[in-house]
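I have placed the structure first, in the form of structure tokens, so that the comments after it can refer back to it.
Number of protein chains: 2
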Amino acid sequence: MILRRCISSLSGSKTGAFQLPPTIRQLLASPTTPDAPAITVSGWIKSIRRQKNVAFAVLTDGSSSQGLQAVFVGNGEGVKALTNGSAVRLTGRLVPSPGAGQDKEFLVDLGKGKAQANAGEVHVLGSCDPELYPIQKQALSTEYLRDHSHLRARTDAIAAMIRLRDSLQKNISTFFDDQGFVYTHTPILTGNDAEGAGESFRIAEMSSTHPSVGHPPHAATPAPAHEKEFFSRPAHLTVSHQLHLEALATSLSRVYTLSPCFRAERSLTGRHLAEFWMLEAEWALTTGGVNATCDFVEACLRSVVRGAPATDVDALWKGKDADGEERRRALDDAVSLQREPWVRMTYTEAVRALEDHVHQNPAAFEYAPAWGRTLQSEHEKWLAEKLVGGPVFITDYPAALKPFYMRHNDDGKTVACFDLIVPHVGELVGGSVREERAEVLEEQMRADFGPDLGSGAYQWYLDLRKYGGAPHMGFGMGFERLVGWVGGIDNVRESIPFPRWAGRMLL
Amino acid sequence: MILRRCISSLSGSKTGAFQLPPTIRQLLASPTTPDAPAITVSGWIKSIRRQKNVAFAVLTDGSSSQGLQAVFVGNGEGVKALTNGSAVRLTGRLVPSPGAGQDKEFLVDLGKGKAQANAGEVHVLGSCDPELYPIQKQALSTEYLRDHSHLRARTDAIAAMIRLRDSLQKNISTFFDDQGFVYTHTPILTGNDAEGAGESFRIAEMSSTHPSVGHPPHAATPAPAHEKEFFSRPAHLTVSHQLHLEALATSLSRVYTLSPCFRAERSLTGRHLAEFWMLEAEWALTTGGVNATCDFVEACLRSVVRGAPATDVDALWKGKDADGEERRRALDDAVSLQREPWVRMTYTEAVRALEDHVHQNPAAFEYAPAWGRTLQSEHEKWLAEKLVGGPVFITDYPAALKPFYMRHNDDGKTVACFDLIVPHVGELVGGSVREERAEVLEEQMRADFGPDLGSGAYQWYLDLRKYGGAPHMGFGMGFERLVGWVGGIDNVRESIPFPRWAGRMLL
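Protein chains in written order, with the numbering used here: chain A, 59 to 565; chain B, 59 to 565.
Structure representation (structure tokens):
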């Protein structure tokens, strides 16, 4: 009884058929007829051009790189308020377009009285002062847009980049799903300090005045408030999800994540962010060594990139010079089904090729290549762009150059790993077979962390081998670099909605 | 020429048809015949039972709640090494099972010589000492497993929970995709300090000895090394992605994310984690007020929960008492297509109902309900579990109880918001129409942050309204609470692979 009395609204959705109004992308994909009925569509004005008795505007809702051309006939009062950036709701009809450049247009007939059939309407939801609006129609510099990061998604390129991220992520999900993987959430906060992958951010100690928050409703048992460390031990932001993924792979066998990672590196380059997203995968119980790992990565990338939506990719490459056009062709070529498998060479072979090149061109590189030394960016660039002319897997690096967890090859010198180098991007993926032999791993860890294995901090990692360890492999791919490769974006700061780097964090 | 000479391996995948070997889940879904050919399957031994000339083991690779029954005939030497937890590769045949409890079994015939057709094989990939293995077959306490978080995914319940997370996330992705949303990555590191949503973690200042890392290959411009703040200003871990999502929604109109959030709250409850994942969505240009927001959330939840895989949900609810069975029935009922829309009531109506209840039962609550006061957990519990008996939306709370960004109703007292309360879970979702009127928002922000709007820190948020502001709405849902609701998991620490809370962060 009380229920009936106190409940005002039992409306609610017929959820089976729930659907928000169509987006402009959906409208553009729907059929039109000259006598289409009147509908309502909302969005922001991207541009407007007024003539005596007619006005043309491009309307966008961010759902597509393509805007909706709106044609205002009769030029009523409402059209005056339509300025670049304003949010509007229009009533009109989606009809075939007689003009060039688009199949469809949205006809808003303002010459008719409101009561008449098919009368158009213009309703300004939010105005935008054209004098003050920071996103003017002319080209805006990259730096200017970084300074206005809360508004820069309103530009065509940044919006296309964000949609491209969404598409790539969906394609990744489809590929991994087909291969029997489980998507998992591994922790951001960890006691591990970087695993040698670079500087990590550390969580500050709690201030002594930090209040012990205990909301009455939670019937909370407050933790000791005198602890300076919130977690009773130092906490860092993770630089990689690999070790935690490995723990899950000893149960679920095939796991992956696309998660944020953090590096407190002060180097300012177009390839590094302090906060970035990484695709990481680990899988166990399969065989085939480093070649099988490369097979997986190549199949994944080809499938993911081939499925990227052409409209957004086109929008991102638009206006590039001849060199840009050539890069795009090379990208399409690299992932096409017809093309040969990507080239694979060992580190040893790569160094030999570099040395041969230096022999013929003594001034070729700033750093001399030699076996046992890190491959520099200039070396990788030459290998991918000049020697191979496409993506190249470089495998089996010297053990001394790589982290403790990579599987040692029988030669006693190298490990079963690879870097995938891509023209104009550099290292896109790094991966390896993981050392599954407990005794070999333990020896390597003692060498790296000391005889107490870093005060036992990594004992858990050894446990994974001790109890039913199985052959496994994995890799990590910088998601912003992938976005940059597919979209022809030269700086990772334009491959993520809100970039963070040393000295810079807006919003 | 050089290319030919230096490249050793041009193998690589035929990527169009790339496929890892089938998982046990895939095998169990494939057809069997009595004369099936010999194949190889790998996994971990979950249990083994030995008889004189035959042994039975359950093999898992974590791909399914259901294991593969392996039958060893002939009982060779290899079977002795098969202990709980060991990783093995078996050669045998997938045949129809004559036994009860499974359709198929994996027959490993060890009685035949290796060279014979269909000869079975057992290969131990990694042994596991049954005396030392921490994951013994008997029931292990929740606390014990939390202490062994690197191994606890090997238990049926935690593995099922992780797979359930994967499924729910996929269903979420499908739902939002159908509604025209774009998945976006909003930042974890932010200058915003909590937005009133609770205590935030702060990034420590860089130590003065912090090296300025500048890898030679990056041609890096090092950032000023004297800065104590890496980003030249204090950085916090985000408590919510809402404000950044709103910025993107003014371009892409429909955006969502499933991302980590952080709260440095010391209260220790079964409903709170220091690091958790939140589904957050914002969409613009649509109408309908708070009821439309509830419609969306209800449609989303019904669709996402209905699509959860029965095998994993069954595994999680297994062994519950009668009360648990009743809860599961209530869950299925709540999301079934046949059921009425979920009840909606205003905060004012909810308080009146609570007051009526107190009038009849003076000792009903610890805290007296009254208009203008926060609804306590005990109140929400009664409303959802006793009054309504199902999920209930409570709408239009007093403005003074809610954050500055919620849209003010015309009554001058309340805001257009809702909380979704679910039996045995509590608050699962919170959302609102956002205040799109620049002047109303600015007034509210001055009241909250002072006349300078927090030294201008939130000016960007006002900008979003100033330049083409549009009606918009959004919500946030704690992902671990959703997992708990669907899986009948009482403590959020068992709803995430690696839980973190005050005083506790393993690995």
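Where is the CB? At the ideal position from N, CA and C, for every residue including glycine.
Keep in mind the model is a prediction, meaning the values are calculated, not measured.
Inset, instruction - Using the DSSP secondary-structure output, state which residues sit across from S105(B) in a beta bridge. - result: V116(B)
Inset, instruction - Could you tell me which of S309(B), P367(B), A474(B) sits nearest to S31(A), measuring between CA atoms? - result: The question about residue 31(A) has no answer, for chain A in this structure spans 59 to 565.
Legend entry - Whole-angstrom distance between P192(A) and S290(B), CA atom to CA atom: 25 Å
Inset, instruction - With a 10 Å radius around its C-beta and 16 neighbouring C-beta atoms as the bar for buried, classify R431(B) as buried or exposed. - result: exposed
Legend entry - Cβ of P427(A) within 9 Å of any chain B Cβ: no
Legend entry - Unbroken stretches of the alpha helix (DSSP H), 4 residues or longer, contained in the stretch 371 to 427 of chain A: 380 to 393, 405 to 418
Legend entry - Buried/exposed call for N111(B), threshold 16 Cβ in 10 Å: exposed
Legend entry - In DSSP terms, what M464(B) is bridged to: R492(B)
Inset, instruction - May I ask which residues mark the beginning and end of the beta strand (DSSP E) holding I479(A)? - result: 475 to 480
Inset, instruction - Check whether the Cβ atoms of L459(A) and S207(A) lie closer than 9 Å to each other. - result: no
Inset, instruction - Provide the residue(s) that pair with E340(B) in DSSP beta bridges, ordered along the chain. - result: V313(B), G532(B)
Inset, instruction - Kindly confirm or deny that the stretch 340 to 356 of chain A and the stretch 311 to 321 of chain A touch, where touching means at least three C-beta pairs closer than 8 Å. - result: yes
Legend entry - A392(A) to A515(B) span [Cα, whole Å]: 46 Å
Inset, instruction - Run through the stretch 149 to 203 of chain B for me and flag every whole beta strand (DSSP E) of 3 or more residues, listed as ranges in chain order. - result: 162 to 167, 179 to 184
Inset, instruction - State the start and end residues of the unbroken beta strand (DSSP E) segment that holds I452(B). - result: 450 to 453
Inset, instruction - May I ask you to list, following chain order, the residues of the stretch 522 to 546 of chain B that have a beta carbon less than 9 Å from some beta carbon of chain A? - result: L522, R523, K524, Y525, G526, G527, A528, P529, F537
Legend entry - Beta carbon of M336(A) nearer than 9 Å to that of G536(A): yes
Inset, instruction - Report yes or no: do the stretch 230 to 245 of chain B and the stretch 223 to 234 of chain A share at least 3 C-beta pairs separated by less than 8 Å? - result: yes
Legend entry - Close beta carbons around P566(B), own chain, < 8 Å, minus the five adjacent residues each side: Because chain B here runs from 59 to 565, residue 566(B) falls outside it and cannot be looked at.
Inset, instruction - State yes or no: is the beta carbon of Y405(B) nearer than 9 Å to at least one beta carbon in chain A? - result: no
Legend entry - Three-state secondary structure assigned by DSSP to V240(B): strand
Legend entry - Rounded C-alpha distance that separates F507(A) from E500(A): 10 Å
Inset, instruction - Determine the closest residue to T327(B) out of R83(B), D548(B), L86(B), with distance taken between C-alpha atoms. - result: D548(B)
Inset, instruction - Using a cut-off of 7 Å between C-beta atoms, extract the partners of V556(A) located in chain B. - result: It should be pointed out that residue 556(A) corresponds to Phe in this sequence rather than to Val. Per Cβ cutoff of 7 Å: T244, P245, H302.
Legend entry - Closer than 9 Å to chain B by CB, M577(A): This structure cannot speak to residue 577(A), because chain A is shown only from 59 to 565.
Legend entry - Residues near T404(B) in its chain [Cβ-Cβ closer than 6 Å; skip 5 each side]: T453, D454
Legend entry - Spatial neighbours of S490(A) in its chain, beta-carbon cut-off 8 Å, leaving aside the 5 residues before and after: V348, T351, K460, Y463, M464, R465, V473, A474, C475, F476, M531, G532, F533
Legend entry - Proximity test, Cβ basis, 9 Å: K471(A) and chain B: no
Inset, instruction - Could you tell me whether any Cβ in chain B is nearer than 9 Å to the Cβ of F289(A)? - result: yes
Inset, instruction - Mind checking the stretch 191 to 210 of chain B against chain A and listing, in chain order, the residues whose C-beta falls within less than 9 Å of any C-beta there? - result: Y191, P192, I193, H206, S207, H208, L209, R210
Legend entry - Sequence-distant residues of the same chain with beta carbon closer than 8 Å to Q84(A), five excluded per side: S121
Legend entry - Interface residues of chain A facing R431(B) [CB-CB closer than 9 Å]: Those within 9 Å of R431(B) in chain A number zero; the least Cβ separation is about 11 Å.
Inset, instruction - Quick one: list the residues of chain B neighbouring D224(A), beta-carbon separation under 8 Å, in chain order. - result: V240, Y241, T242
Inset, instruction - Identify the contact partners of G143(A) in chain B, using a Cβ-Cβ distance below 7 Å as the criterion. - result: Y525, G526
Inset, instruction - Check whether the Cβ of T369(A) lies closer than 9 Å to any Cβ atom in chain B. - result: no
Legend entry - Chain-ordered neighbours of D93(A) on chain B, where CB pairs are closer than 8 Å: Per Cβ cutoff of 8 Å: no residues; D93(A) is ~26 Å from chain B at best.
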